[in-house]
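Beneath this line is the structure, given in structure tokens, with notes to follow.
In the numbering used here, the protein residues as written are 2 to 279.
If you want it as structure tokens, here you go:
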């Protein structure tokens with residue numbers, strides 16, 4: 002009985018505290034007292050209640066433009082958006098902060114969080130990559146401006162992740178040409194061009210081996226379905242791609258498929274093993 006009463010008392014006290022806090026928040030929110038809103042917003046911010054802090058900072062931010070506390074208010078306002086996962090608004094407010102306070106002690110952190118906000122908005126690779134491009138630009142600017150920053154490694158990792166995402170999208174577009182080329186053979190020329198461009202533009206990509214393989218695949222399909230007078234030339238081009246793949250990836254993960262291509266090339270071009278290996 003004693004424990005039950007104690008538990009009920011604790012619950013009642015907690016409820017009273019929450020109710021008092023809510024009443025205080027609502028009262029200050031509706032009040033015109035800017036100082037009271039500033040004090041409560043900062044208290045909520047320091048306590049980790051970023052949602053309430055954000056609402057209050059939103060009301061008072063315009064009032065502090067040009068004032069000594071303006072820098073502090075604008076940073077807290079932007080960061081409260083970030084903490085509540087409103088990344089578009091966070092990025093926008095951090096951008097405003099950077100332009101308004103280029104000499105701020107918080108400039109480095111704001112620049113990092115601006116880039117991270119756009120990073121958080123970057124969609125999966127199959128969707129439009131406008132936000133990814135913006136995030137990359139912001140992160141690269143941060144990396145170039147603050148090479149000694151404590152945030153450098155995280156920023157660099159995010160930039161690499163976004164770059165890989167864009168590379169995957171580029172590869173998938175090229176693969177679509179390869180797929181369409183199975184039904185419309187001239188498209189395979191565009192496919193090979195796309196893979197050539199990918200290989201040239203992305204020398205360190207994790208998808209580079211895939212590009213080498215699909216370029217060869219497109220070349221083989223085109224050669225096999227070409228008119229007789231063009232076949233030898235196109236098989237020769239496929240042979241060049243075959244050699245390039247094996248030179249860069251002698252233990253390629255596509256070995257099974259590549260070996261089949263080799264058998265066709267050997268037969269069509271009347272090659273000996275030594276000739277193919279050159």
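Every residue gets a Cβ at the ideal spot worked out from N, C-alpha and C, and that includes glycine.
- Task: Within the same chain, show all residues whose beta-carbon is closer than 7 Å to that of residue 192, passing over the 5 residues directly before and after it, in chain order.
- Result: In the chain shown, the residue the question calls residue 192 occupies position 191. Closer than 7 Å at the Cβ level, and outside the excluded window around residue 192, lie 175, 178, 179, 182 and 219.
- Query: Would you report the Cα separation of residue 138 and residue 246, rounded to the nearest angstrom?
  - Reply: What you label residue 138 is simply residue 137 of the chain shown in a count that begins at 1. What you label residue 246 is simply residue 245 of the chain shown in a count that begins at 1. Their Cα atoms are separated by approximately 33 Å.
- Message: With a threshold of 7 Å on Cβ separation, who are the neighbours of residue 238 within its own chain once the five nearest residues in sequence on each side are excluded?
- Response: Here residue 238 corresponds to residue number 237 of the chain shown, with the count starting at 1. Correct list, in chain order: 220.
- Message: Runs of 3 residues minimum, wholly inside the stretch 56-139: which ones carry the beta strand (DSSP E) assignment?
- Response: Not a single unbroken stretch of the beta strand (DSSP E) spanning 3 or more residues falls wholly within the stretch 56-139.
- Of the residues 214, 71 and 252, which one's Cα is nearest the Cα of residue 240? What you label residue 240 is simply residue 239 of the chain shown in a count that begins at 1. The closest CA to that of residue 240, considering only 214, 71 and 252, is found on 214.
- Cα separation between residue 118 and residue 58? Within the chain shown, residue 118 is the residue found at index 117, counting from 1. Within the chain shown, residue 58 is the residue found at index 57, counting from 1. Their Cα atoms are separated by approximately 19 Å.
- Beta-carbon proximity list for residue 209, same chain, < 7 Å, skipping 5 on both sides: Within the chain shown, residue 209 is the residue found at index 208, counting from 1. The residues are 200 and 203.
- Query: Three or more C-beta pairs closer than 8 Å, one from the stretch 81-88 and one from the stretch 98-111: is that the case here?
  - Reply: In short, these stretches do not touch, since the Cβ pair count stays below three.
- Item | C-alpha gap between residue 168 and residue 160, whole angstroms | The residue labelled residue 168 in the question sits at position 167 within the chain shown. The residue labelled residue 160 in the question sits at position 159 within the chain shown. When rounded, the distance between both Cα atoms is 12 Å.
- Whole runs of the beta strand (DSSP E) within the stretch 143-179, excluding any shorter than 3 residues: None, since the stretch 143-179 contains no complete beta strand (DSSP E) of that length.
- Return the first residue and the last residue of the alpha helix (DSSP H) that residue 206 is part of. Residue 206 sits at position 205 when you count from the first residue of the chain shown. Note, residue 206: premise wrong, no alpha helix (DSSP H); not H, not E.
- Message: Could you tell me the alpha carbon to alpha carbon distance between residue 45 and residue 54, rounded to whole angstroms?
- Response: In the chain shown, the residue the question calls residue 45 occupies position 44. In the chain shown, the residue the question calls residue 54 occupies position 53. Straight-line Cα distance between these residues: approximately 5 Å.
- What distance in whole Å lies between the Cβ atoms of residue 98 and residue 75, which are believed to be in contact at a cut-off of 8 Å? In the chain shown, residue 75 corresponds to position 74, counting from 1. In the chain shown, residue 98 corresponds to position 97, counting from 1. With a Cβ gap of about 5 Å, residue 75 and residue 98 count as contacting.
- Query: What do you reckon, are the CB atoms on residue 120 and residue 170 nearer than 8 Å?
  - Reply: Taking the first residue of the chain shown as 1, we reach residue 120 at position 119. Taking the first residue of the chain shown as 1, we reach residue 170 at position 169. No, the pair does not count as a contact, with Cβ atoms beyond the cut-off.
- Message: Within 10 Å of its beta-carbon, does residue 206 have 16 or more other beta-carbons around it, so buried, or fewer, so exposed?
- Response: By 1-based counting over the chain shown, the position of residue 206 is 205. Taking all protein chains in view, the Cβ of residue 206 is crowded by 16 or more other Cβ atoms within 10 Å, so the residue is classified as buried.
- Task: Identify the continuous alpha helix (DSSP H) that holds residue 260 and give its terminal residues.
- Result: Walking along the chain shown from the start, residue 260 turns up at place 259. Here the alpha helix (DSSP H) through residue 260 covers 256-269.
- Is residue 228 helix, strand or coil by DSSP? As a position in the chain shown, residue 228 is number 227, starting the count at 1. DSSP places residue 228 in coil when its eight states are reduced to three.
- Task: Can you give me the start and stop residues for the alpha helix (DSSP H) that residue 43 sits inside?
- Result: Taking the first residue of the chain shown as position 1, residue 43 is located at position 42. Element bounds for residue 43: 35-48.
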